[in-house]
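What follows is one structure encoded as structure tokens, with my remarks underneath.
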Amino acid sequence: MAETQLSKLHIAMFPWFAAGHMTPFLHISNELAARGHKITFLMPSKALPLLQNLNLHPNLISFHFLTVPHVSGLPPATETASDIPISLTPLLASAFDMTRPQVAEILCSACPDVVFYDFAYWVPEIAAPLRIKSVSFTVVSAASIAVIAYPGRRVTVDDPITEEELRKPPPGYPSSTVVLRGCREVRSLLFLSMPFGEGGITFHERLMTSYRNSNAIAIRTCEEIEGNFCSYLAKQFQKKLLLTGPLMAAPNKTTTTPTTSCLDEKWEKWLDQFEPKTVIFCAFGSQLTLEKDQLQELVLGIEQTRLPFLVALKPPTGSNSIEEALPEGFEERVRERGAVYGGWVQQPLILNHPSVGCFVSHCGFGSMWESLMSEPQIVLIPSLGDQILNARLLAQELQVGVEVKREEDGKFTSQSVREAIESVMLVEAAGVGEMVKKNHQKWNHVLTNPGFMDAYIHHFVNDLQNGWT
Ligand SMILES: O=c1ccn([C@@H]2O[C@H](COP(=O)(O)OP(=O)(O)O[C@H]3OC[C@@H](O)[C@H](O)[C@H]3O)[C@@H](O)[C@H]2O)c(=O)[nH]1
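Remember, our numbering sits 10 above the position in the sequence shown when you count from 1.
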């Protein structure tokens, strides 16, 4: 689609210091730079190895490194969420807030037209006097913001959000299936009342202020899948909503943006030895650490399917390596057909390998799009609040995947893992596997249709250029 002939923009990006945030900020940067817009990307230097290879337009996207101040209680040299256990993230949020003077200085000297931010709710206070527009860019689903969208409710440490409040979505919330169920799931949102950063601001207040004070809210989503949640949010916050579309493209399929690299030879060769669409791939994103017993149930459930598999997860709590946490005799039993790896793999490329037939996912928002835009059958084991809602969106509303059942105590078992995988991998029968496969193919076709992403980005850029009245 031809771009409107308007002046090129200069946009500053300031994401929260976590891979799940910086990566989609870089994806939108790539799409904007592909259309000639200039990007100043603010980040800690430790994030460079993660982001460098994803920067497809180094001539237009320049990285500016921030010094992350030391905060007592954080291990020395902490710069990103990957450096620490999840329990220490409120302290990282303090360090993040303490970069404010550096951010102000860069915005003042670079003078971009627009600044994108997420957790840095104070950005509009810096940007407005400089006549820079502030866009609050959400890297989680519209549904997961809609379910907590009480713009007028000031959640403080002294007036925390209650289980009672969270049990029912806000009035007018547009879905009865994309909801949290039972105490355990509701409690997974109680962290919203937790102090998160300088001055004891709660996580909820940080988010609400970020949306309230922005000039516009941008979301990495599309009308076709989350239109009802987007309309609801626009009404709740009385803001213009700018949608980027899914952003993360399946390699070589959907956008004008070139892809970065090839799959590591080691995994390419390993996957090549199996029949098409037989391998189970399992990964749980950048943050989630399982308990050891849950890791064991997971891998045992996968083993019981007798299918080949590649599991790439962080070592569980209390273990130095994933290998030491595996069940007794596991490695010997599965040597021929299974690999368990405790590090980072190239998920989008693995999902597009012809041998991969099933993706067992935690349903983080990035993984949600990647699962929809690739072919493997989808099995979901969500843990955190937004992942649970994303999983409901896929399993109940779109019916493109199956969620693993949990027991009363919130745990899943090897049996529930095996049953969920088998239900989608046995597609011959006119059962669940067949149904989710058909629905998935339909959505995959829509989302990877040439021009779909381009149209979204085209409108998005138009809105950034003209949409401020
Ligand atoms: O080994 C891996 C694991 C993950 N990845 C990539 O890392 C990204 C992970 O992002 P996700 O959004 O799926 O998950 P994360 O858990 O990292 O995200 C975080 O922010 C988004 C929220 O929805 C999640 O709840 C939150 O945990 C994906 O793009 C995935 O392809 C790899 O490339 N290799």
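Quick reminder that beta carbons are idealized off the backbone N, C-alpha and C, glycines included.
Using only the alpha-carbon positions, how far apart do Val309 and His31 sit? Translated into positions along the sequence shown, residue 309 becomes position 299. Translated into positions along the sequence shown, residue 31 becomes position 21. Taking the straight line joining both Cα atoms gives about 28 Å.
Have a look at Glu89 and Val196 and give me their C-alpha separation to the nearest angstrom. Residue 89 sits at position 79 when you count from the first residue of the sequence shown. Residue 196 sits at position 186 when you count from the first residue of the sequence shown. Approximately 31 Å, taken between the alpha carbons.
So Gly348 and Phe319 are in contact, right, with Cβ under 8 Å, and what is the actual spacing, rounded? The sequence position of residue 348 within the sequence shown is 338, counting from 1. The sequence position of residue 319 within the sequence shown is 309, counting from 1. With a Cβ gap of about 5 Å, Gly348 and Phe319 count as contacting.
Beta-carbon proximity check, Ser55 vs Val81, cutoff 8 Å: As a first step, residue 55 must be located in the sequence shown, where it is residue number 45. As a first step, residue 81 must be located in the sequence shown, where it is residue number 71. No; because the gap between Cβ atoms is not below 8 Å, this pair is not in contact.
Spatial neighbours of Glu333 in its chain, beta-carbon cut-off 8 Å, leaving aside the 5 residues before and after: Numbered from its first residue, the sequence shown carries residue 333 at position 323. So the list reads Glu341, Val350 and Gly352, once near-sequence residues are dropped.
Per DSSP, cross-strand counterpart(s) of Val321: Here residue 321 is taken as the residue at index 311 of the sequence shown, counted from 1. Cys292 and Val350.
Could you pull out every unbroken alpha helix (DSSP H) segment of at least 4 residues lying fully inside the segment 197-261, listed in chain order? 213-222 and 233-247
Shortest alpha-carbon distance to Arg194 belongs to which of Ser296, Asn454 and Asp419? Taking the sequence shown and counting its residues from 1, the one referred to as residue 194 is at position 184. Among Ser296, Asn454 and Asp419, the Cα nearest to that of Arg194 is on Asp419.
Nearest residue (CA-CA) to Glu208, options Leu76, Val412 and Arg110: In the sequence shown, residue 208 corresponds to position 198, counting from 1. Comparing Cα positions, the closest option is Arg110.
Give every residue of the same chain whose Cβ lies closer than 8 Å to the Cβ of Glu173, excluding the five residues on either side of it in the sequence, and list them in chain order. Against the sequence shown, residue 173 aligns to sequence position 163. Closer than 8 Å at Cβ, skipping near neighbours: Cys193, Val196, Arg197 and Leu200.
Counting along the chain, where does the alpha helix (DSSP H) carrying Val344 start and finish? As a first step, residue 344 is located in the sequence shown; it is residue number 334 there, counting from the start. Start and end: Phe340 to Val344.
Verify whether the separation of the beta carbon atoms of Glu128 and Pro25 is less than 8 Å. Here residue 128 refers to the residue found at position 118 of the sequence shown. Here residue 25 refers to the residue found at position 15 of the sequence shown. Strictly speaking, residue 128 in this sequence is Asp, with Glu absent from that position. Yes; because the gap between Cβ atoms is below 8 Å, this pair is in contact.
Nearest by alpha-carbon distance to Thr288: which of Leu102, Pro386 and Pro181 is it? The count along the sequence shown starts at 1 and reaches residue 288 at position 278. Here the closest residue by C-alpha is Pro386.
Output needed for Thr315: all residues of its chain with C-beta closer than 8 Å, excluding positions within five of it in sequence on either side, in chain order. Position 305 of the sequence shown holds residue 315. Cβ within range, chain order: Ile290, Arg428, Ile431, Glu432 and Met435.
In chain order, what residues of the same chain have a beta carbon less than 6 Å from the beta carbon of Phe206, not counting five sequence neighbours either side? As a position in the sequence shown, residue 206 is number 196, starting the count at 1. Answer for Phe206: Pro100, Ala103, Phe213 and Arg216, listed in chain order.
The beta strand (DSSP E) spanning Pro134 covers which residue range? What you label residue 134 is simply residue 124 of the sequence shown in a count that begins at 1. Where Pro134 is concerned, there is no enclosing beta strand (DSSP E), although the alpha helix (DSSP H) it sits in stretches over Val133 to Ala137.
Tell me whether Tyr183 sits in a helix, a strand or coil according to DSSP, three-state version. Here residue 183 refers to the residue found at position 173 of the sequence shown. If DSSP states are grouped into helix, strand and coil, Tyr183 belongs with coil.
Around the C-beta of Asn40, are 16 or more other C-beta atoms found within 10 angstroms, so that it is buried, or is it exposed? Walking along the sequence shown from the start, residue 40 turns up at place 30. Buried, since its Cβ has 16 or more Cβ neighbours within 10 Å.
Distance between Glu285 and Ile360 (C-alpha atoms, nearest Å): Working through the sequence shown from its first residue, we reach residue 360 at position 350. Working through the sequence shown from its first residue, we reach residue 285 at position 275. Near 15 Å, if we compare the C-alpha coordinates of Glu285 and Ile360.
Which word fits Glu275, buried or exposed, when buried means at least 16 other C-beta atoms lie within 10 angstroms of its C-beta? Working through the sequence shown from its first residue, we reach residue 275 at position 265. Exposed is the call here.
Where Glu279 and His363 are concerned, what is the direct C-alpha to C-alpha distance, given to the nearest angstrom? Position 269 of the sequence shown, counted from the start, is the residue given in the question as residue 279. Position 353 of the sequence shown, counted from the start, is the residue given in the question as residue 363. The question names Glu, but residue 279 is Lys in the sequence shown. In a straight line, the C-alpha of Lys279 is about 11 Å away from that of His363.
Ligand 1 heavy atom lying under 7 Å from the CB of Val389: On the sequence shown, position 379 is the one that residue 389 refers to. For ligand 1, not one heavy atom lies less than 7 Å from the Cβ of Val389.
DSSP state of Glu380 mapped onto helix, strand, coil: Locating residue 380 in the sequence shown gives position 370, counting from the first residue. In the structure shown, Glu380 sits in a helix (DSSP, three-state: H, G or I).
Look at the Cβ atom of Ala244, then the Cβ atom of Leu251, and state whether they are nearer than 8 Å. Locating residue 244 in the sequence shown gives position 234, counting from the first residue. Locating residue 251 in the sequence shown gives position 241, counting from the first residue. The answer is yes: Cβ separation under 8 Å.
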